[in-house]
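Here's the structure we're looking at; comments come further down.
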Amino acid sequence: MLAFLVQRISQALLVMFVISVIAFAIQDGLGDPLQEMVGMSVSEEEREAIREELGLNDPMVVQYLRFAGNALQGDLGNSYFYSKPTLEVIAEHLPATLELVIGASLIIVFLSVPIGVYAAIRPQAWLSKFFMGVSTVGISIPVFLTAIVLIQLFSIGVRVEWFPADTGWGQWLNGFFTTEGGLPSYGRGDELTHLFGTWESGFFTGTGLMHLVLPCVSLASIMLPLFIRLIRAEMMEVLQSDYIRYARAKGLGAGRINFLHALKNTMLPVITVGGVQIGIMVAYTILTETVFQWPGVGLMFLEAITRSDIPLIVAYLMVVGLIFVITNTVVDLVYGLVNPTVKLTGKKA
Amino acid sequence: MTTATVSRWDRFRESFFWYSFKRDKVAIASFAVLLLMVLAAVFAPLLAPTDPYDLAQINIMNSELPPVGLDGADSAFPLGTDAQGRDLLSTILYGTRVSLMIGFGAVVLQAFLGILFGLLAGYLGGKVDAILMRIADVQLSFSTLMVAIIVGAVFKASFGNLMFGEIAIYMLIFIIGVAEWPQIARTVRASVLAEKKKEYVDAAKVMGFGTRRIMFRHILPNTLSPIFVIATVQIANAIISEAALSFLGLGMPETQPSLGSLIKSGFDYIQSGSWWITLIPGLVLVVLVLVINLLGDWLRDVMNPRLYKG
Chain Z
71 MLAFLVQRIS
81 QALLVMFVIS
91 VIAFAIQDGL
101 GDPLQEMVGM
111 SVSEEEREAI
121 REELGLNDPM
131 VVQYLRFAGN
141 ALQGDLGNSY
151 FYSKPTLEVI
161 AEHLPATLEL
171 VIGASLIIVF
181 LSVPIGVYAA
191 IRPQAWLSKF
201 FMGVSTVGIS
211 IPVFLTAIVL
221 IQLFSIGVRV
231 EWFPADTGWG
241 QWLNGFFTTE
251 GGLPSYGRGD
261 ELTHLFGTWE
271 SGFFTGTGLM
281 HLVLPCVSLA
291 SIMLPLFIRL
301 IRAEMMEVLQ
311 SDYIRYARAK
321 GLGAGRINFL
331 HALKNTMLPV
341 ITVGGVQIGI
351 MVAYTILTET
361 VFQWPGVGLM
371 FLEAITRSDI
381 PLIVAYLMVV
391 GLIFVITNTV
401 VDLVYGLVNP
411 TVKLTGKKA
Chain S
5 MTTATVSRWD
15 RFRESFFWYS
25 FKRDKVAIAS
35 FAVLLLMVLA
45 AVFAPLLAPT
55 DPYDLAQINI
65 MNSELPPVGL
75 DGADSAFPLG
85 TDAQGRDLLS
95 TILYGTRVSL
105 MIGFGAVVLQ
115 AFLGILFGLL
125 AGYLGGKVDA
135 ILMRIADVQL
145 SFSTLMVAII
155 VGAVFKASFG
165 NLMFGEIAIY
175 MLIFIIGVAE
185 WPQIARTVRA
195 SVLAEKKKEY
205 VDAAKVMGFG
215 TRRIMFRHIL
225 PNTLSPIFVI
235 ATVQIANAII
245 SEAALSFLGL
255 GMPETQPSLG
265 SLIKSGFDYI
275 QSGSWWITLI
285 PGLVLVVLVL
295 VINLLGDWLR
305 DVMNPRLYKG
């Protein structure tokens with residue numbers, strides 16, 4: 071176990087080192103701090119003096135070590151646009167993104183578990199087939215498109231007049247396909263509750279929650295099909311196993327077998343895969359935040375790109391890299407803890 | 005020469021591949037739709053009523069006309085027009101062409117990198133395997149979309165908007181190809197590991213063939229069917245990635261739109277009620293991706309009879 075721990079943590083450190091080198095290369099290759107600091111009128115000699123003073127003429131390795139040393143102390147430079155430390159800017163935007171991810175995760179958990187379990191227990195039922203069909207189509211729809219369709223349906227609203235309005239059924243069908251709209255599709259609303267630090271939450275006010283609905287549903291829609299399929303596949307495999315057959319032979323009730331014995335062993339791989347997927351959601355938050363103008367780190371990152379705010383881009387890379395590395399390592403370690411049969415790659419078989 | 009082609013055609017008609025294709029309605033329908041879309045895209049310059057790249061044919065007075073069937077539609081523009089007055093049918097035809105080109109190009113690059121690294125890792129093993137697969141693991145754990153977004157962002161920041169727009173097609177092929185090679189490399193490596201234990205490889209070694217010859221002439225042909233399956237699905241993924249990048253403004257410019265940039269430019273007008281500018285290209289994108297995914301599913305079932313549908 072200790073060997074496993076050491077191996078995983080050293081791997082995480084190595085990955086973080088590579089990320090920092092990439093981030094440094096981007097900063098070094100793209101950003102010329104002098105251009106941002108001094109005007110056109112400064113002569114070449116003065117520029118050279120400033121370069122020397124800033125250490126821009128030092129060997130690459132020295133510059134990298136300085137960059138890494140500062141990063142370890144929580145200093146990733148100042149954003150050009152916001153004129154304050156980049157980490158501070160990220161800390162201001164992070165709660166919005168986290169709330170989006172939390173909301174989407176709640177939707178995913180509360181929908182995927184019942185649907186996945188049902189589809190595994192009754193694979194032939196028409197409802198199961200319907201859910202599986204919907205999830206195949208769902209995987210083919212990009213998240214930003216789901217978001218746009220949701221905006222059209224529930225924010226702008228749709229008026230349908232395809233059917234003859236003078237007949238009863240025509241009126242009913244028109245009414246059935248017509249949606250009201252009215253849900254907010256822009257930003258987080260203006261009633262946020264201050265929790266602590268930079269965290270302003272939308273979970274505690276009516277408008278805050280209303281603003282969360284569409285972005286969270288959009289973000290959940292991309293992961294939901296994946297989780298339903300995963301839970302269904304795992305559950306079906308568990309239901310085939312000897313101990314379930316034994317429990318049936320023993321005469322235990324179906325509910326007890328399905329939900330106590332089978333579900334417990336289904337959730338183990340689901341939780342580990344889920345941990346990794348939550349990291350991957352960061353990529354999708356960029357898309358969701360763009361559609362809904364959600365003031366989180368994803369939108370901040372895109373704006374940093376259009377503004378060529380190199381320090382902020384680099385800081386975002388480092389922070390997101392750190393989040394990925396930590397989630398992956400924790401998931402690996404948890405999985406190693408609860409499942410001792412996991413292969414230790416450090417050992418030669 | 006004729007006998008050879010006839011016999012090959014006969015062999016194809018006798019094959020399990022053709023047999024199972026004929027019996028699968030979903031596969032036939034998907035293939036028909038895909039073929040139609042590819043042909044429409046390839047012959048876009050002939051089919052499209054107007055040339056969306058030609059500024060002289062665009063009249064701003066025609067902007068935001070709805071599709072035929074709605075109030076205020078103009079029969080010259082069957083799917084309506086976008087905010088610049090371009091005919092939506094034409095831009096979609098050209099956009100599908102760009103999307104397919106990037107999807108296909110990116111998969112060719114992925115396949116090249118994936119096959120090369122997968123073969124090396126699987127056949128040579130040891131340090132090469134450990135290093136290549138660790139890189140693949142790390143890259144996959146970051147999700148390919150995230151890698152693509154970051155690489156795209158860096159390119160855009162270093163080339164600048166104008167320059168990036170001009171070479172966007174090649175950039176996108178490069179970005180998506182580099183971001184997604186691990187998917188193919190893993191598949192190739194897994195089948196190479198299974199193949200290299202087989203007797204024909206031993207025989208080739210005994211006959212004194214070099215490593216390169218064994219890898220590319222003997223093992224590679226036997227790993228092609230899983231590569232085909234994953235490459236099909238990867239085309240769909242590449243098209244989605246391209247659309248996502250273009251939607252974020254890291255892809256094709258509006259002057260030379262792909263489906264993704266059409267959706268993006270239309271999205272700005274959805275609040276004013278012009279839903280067709282964004283939703284019709286969106287529908288085309290979804291149908292394109294869906295039929296490719298369905299064909300990929302079918303191909304997986306045919307090429308790998310050991311795997312049954314769940």
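Protein sequence lines correspond, in order, to chains Z and S.
If you read the first sequence in the working numbering, its first letter stands for residue 71, the second for the next number, and so on.
If you read the second sequence in the working numbering, its first letter stands for residue 5, the second for the next number, and so on.
Note that beta-carbon positions come from the ideal geometry of N, C-alpha and C, so glycine has one too.
ask   = Given a threshold of 16 other Cβ atoms within 10 Å of its Cβ, counted over all protein chains shown, does H163/Z qualify as buried or as exposed?
value = Buried: at least 16 other Cβ atoms inside 10 Å.
task = Determine the burial state of R78/Z: buried for a count of at least 16 other Cβ atoms within 10 Å of its Cβ, exposed for fewer.
result = Only buried fits R78/Z, as 16 or more other CB atoms lie within 10 angstroms of its CB.
ask   = What are the boundary residues of the alpha helix (DSSP H) that includes L170/Z?
value = 156 to 191 is the extent of the alpha helix (DSSP H) around L170/Z.
ask   = Any idea what DSSP makes of W364/Z, helix, strand or coil?
value = Three-state result, W364/Z: coil.
request  = Report the residue ranges of all alpha helix (DSSP H) runs contained in full by the stretch 318 to 385 of chain Z; include only those spanning at least 4 residues, in chain order.
outcome  = As far as the stretch 318 to 385 of chain Z is concerned, its whole alpha helix (DSSP H) runs of at least 4 residues are 333 to 362, 367 to 376.
query = Alpha carbon to alpha carbon, how far is Y98/S from F224/Z?
reply = Answer to the nearest angstrom: the Cα atoms are 31 Å apart.
request  = Look at S262/S and V102/S and say whether their C-beta atoms are less than 8 Å apart.
outcome  = For S262/S and V102/S, yes; Cβs fall inside 8 Å.
task = Kindly say whether A198/S, judged by its beta-carbon, lies nearer than 8 Å to any beta-carbon of chain Z.
result = No, because no Cβ of chain Z sits closer than 8 Å to the Cβ of A198/S.
message = Three or more C-beta pairs under 8 Å: does that hold for the stretch 238 to 258 of chain S against the stretch 210 to 217 of chain S?
response = Segments in contact, no.
Sub-8 Å separation of I383/Z and I96/Z beta-carbons = Taking 8 Å as the Cβ cut-off, I383/Z and I96/Z qualify as a contacting pair.
key: A189/S versus G122/S - alpha carbon distance   = Whole-angstrom Cα-Cα distance: 4 Å.
task = Could you tell me which chain S residues have their CB closer than 7 Å to the CB of L387/Z, listed as they occur along the chain?
result = What L387/Z touches in chain S: I154.
Residues near M86/Z in its chain [Cβ-Cβ closer than 8 Å; skip 5 each side] = Within the same chain, and ignoring the five residues on either side of M86/Z in sequence, the residues whose Cβ sits closer than 8 Å to its Cβ are G391, L392, V395.
query = Is any beta-carbon of chain S found at less than 8 Å from that of T342/Z?
reply = Closer than 8 Å: no.
message = I'd like the span of the alpha helix (DSSP H) that includes I282/S, first residue to last.
response = According to the sequence displayed, residue 282/S carries Thr and not Ile. It spans 280 to 307 - the alpha helix (DSSP H) in which T282/S sits, taken as one unbroken run.
Near-chain Z residues of the stretch 121 to 154 of chain S (beta-carbon distance less than 7 Å), N- to C-terminal order = Residues passing the 7 Å Cβ filter: V142, S145, F146, S147, L149, M150, I153, I154.
task = Note the first and the last residue of the continuous alpha helix (DSSP H) segment covering E199/S.
result = Looking at the DSSP string, the run of the alpha helix (DSSP H) that includes E199/S is 172 to 199.
task = Report buried or exposed for D379/Z, applying the criterion of at least 16 other Cβ atoms within 10 angstroms of its Cβ.
result = Buried, since its Cβ has 16 or more Cβ neighbours within 10 Å.
ask   = Given that a residue counts as buried once 16 or more other Cβ atoms are within 10 Å of its Cβ, and exposed if not, what is K26/S?
value = So K26/S ends up on the exposed side.
task = Would you verify that the beta carbon of Q310/Z is, or is not, closer than 8 Å to some beta carbon of chain S?
result = Nearest CB-CB separation between Q310/Z and chain S: not below the 8 Å threshold.
Partner residues on chain S for N127/Z, Cβ-Cβ distance less than 8 Å = Neighbours of N127/Z across chain S, judged by C-beta separation under 8 Å, do not exist; the nearest C-beta is about 22 Å away.
ask   = Quick one: is G99/Z near chain S, going by C-beta distance under 8 Å?
value = Flagged as an interface residue toward chain S: G99/Z, by a C-beta distance shorter than 8 Å.
request  = Compute the Euclidean distance between the alpha carbons of K418/Z and G130/S, then round it to the nearest angstrom.
outcome  = With a pLDDT of 39 at K418/Z, under the threshold of 50, the predicted position of this residue should be treated as unreliable, and no value is reported.
key: Status (buried if at least 16 other CB within 10 Å, exposed otherwise) for N140/Z   = Residue burial is scored here from C-beta neighbours: N140/Z has fewer than 16 other C-beta atoms within 10 angstroms and is therefore classed as exposed.
key: Spatial distance of A217/Z from C286/Z (CA atoms)   = Going by the C-alpha atoms only, they are around 10 Å apart.
Spatially closest choice to L249/S from K268/S, N226/S, D141/S, A240/S, by CA coordinates = Residue K268/S is the option with its Cα nearest to L249/S.
task = Would you decide whether L311/S is buried or exposed? Buried here means 16 or more other CB atoms lie within 10 Å of its CB.
result = Low local confidence applies: a pLDDT of 46 at L311/S is under 50, so the model's placement there is unreliable, with the coordinate-based value given in what follows. Exposed, because fewer than 16 other Cβ atoms sit within 10 Å of the Cβ of L311/S.
query = In its own chain, which residues sit with a C-beta less than 7 Å from the C-beta of A303/Z, not counting the 5 before and 5 after it?
reply = Taking A303/Z as the centre and dropping the five residues before and after it, the same chain places no C-beta closer than 7 Å to its C-beta.
Residues, ordered as in the chain, of the stretch 272 to 291 of chain S that lie near chain Z by beta-carbon distance below 8 Å = Contact annotation: in the stretch 272 to 291 of chain S, residues whose CB is within less than 8 Å of a CB in chain Z are I274, Q275, G277, W279, T282, L283, G286, L289, V290.
key: the stretch 232 to 242 of chain S / the stretch 103 to 114 of chain S touching (three or more Cβ pairs under 8 Å)   = Yes, the stretch 232 to 242 of chain S is in contact with the stretch 103 to 114 of chain S.
key: Cβ-based contacts, 8 Å cut-off: residues of the stretch 266 to 297 of chain Z near chain S   = Correct list: empty, as no residue qualifies.
Partner residues on chain S for T360/Z, Cβ-Cβ distance less than 8 Å = What T360/Z touches in chain S: F251, L252.
message = Please report whether the beta-carbon of K209/S lies at a distance below 8 Å from any beta-carbon of chain Z.
response = With 8 Å as the cut-off, K209/S does not count as an interface residue toward chain Z.
query = The alpha helix (DSSP H) spanning T277/Z covers which residue range?
reply = T277/Z -> alpha helix (DSSP H) spans 276 to 309.
query = Listing by chain order, which chain S residues have their CB less than 7 Å from the CB of V346/Z?
reply = The answer, in chain order, is S145.
query = For E169/Z, is the classification buried or exposed, using 16 other Cβ atoms within 10 angstroms of its Cβ as the cut-off for buried?
reply = Taking every protein chain shown into account, the CB of E169/Z has 16 or more other CB atoms within 10 angstroms, so this residue is buried.
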